[in-house]
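Please read the structure below before turning to the comments.
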Amino acid sequence: MQDEATFLTAMYCFVDDYCRQPAPLGAAHLLAARRPGPAPALSPSEALTLYLLAQWQRFASERDFYRYVQRHWRGYFPTLPDRSQWLRQYQRLYPVLVACQRELARRAGAAHAPYQALDLTAVPVRAAKRRGSSWVAGQARIGHSYRLGWFYGFQLLVCTTADGLITGWALGEGSARPAPGG
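This is the structure we're talking about:
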């Protein structure tokens, strides 16, 4: 296992190389569009590296990850913007992030894994006992989880290789249940 600094540097190099490659393999064509206003504080490569790393370790929330970056990785990202600007840049770069994740999975050999594991987990969006409609009304439902008990939200199904590389996922309503026997 690599130390954290080496892993962070290796991930940044992969993302930066990927962002510079032309289509169809790289993301240069996705990053070419310029938006009005001031340039973001982080380069696309820096921002995508952070978004990938946020999914690599277990963090309680985006806020938890952002605080971790401020405390431990500030030297690697000296122009780290306010969290709200960081999240806006994330929304803008989301299609590039998905393409980058696919390329990372391809290079890691996820398609040749001997087996893959499925896991289902609850994703609550608010307290289950709270009344009224929510911001995801009609999409989220009340469901039951062994870990949380009753919750209002979604079920997340994740497919991973033996090494923990996520190869696919699906999001369903909280009341969704797996088919019997499967």
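Take any residue in the sequence shown, count from 1 to its spot, add 291: that is its number in my numbering. Yeah, the Cβ is synthetic: ideal placement off N, Cα and C, and Gly gets one too.
Note on A453: under 16 other CB atoms within 10 angstroms of its CB, so exposed under the neighbour-count rule. With contacts defined by Cβ atoms closer than 8 Å, Q446 and A431 do not form a contacting pair. Looking at the DSSP output, C450 sits in a beta bridge with L409, G459. Non-local C-beta neighbours of C450 in its own chain, meaning closer than 6 Å and more than five positions away in sequence, comprise Q407, L409, T458, G459, ordered along the chain.
Counting C-beta atoms within 10 angstroms of its own C-beta, F298 has fewer than 16 neighbours from the protein chains shown and is therefore classed as exposed. Collapsing the DSSP output to three states places Y357 in a helix.
With at least 16 other beta carbons inside 10 angstroms of its own, W377 counts as buried. Cβ contact annotation for A332 (same chain, cutoff 6 Å, sequence separation greater than five): T370, P372, in chain order.
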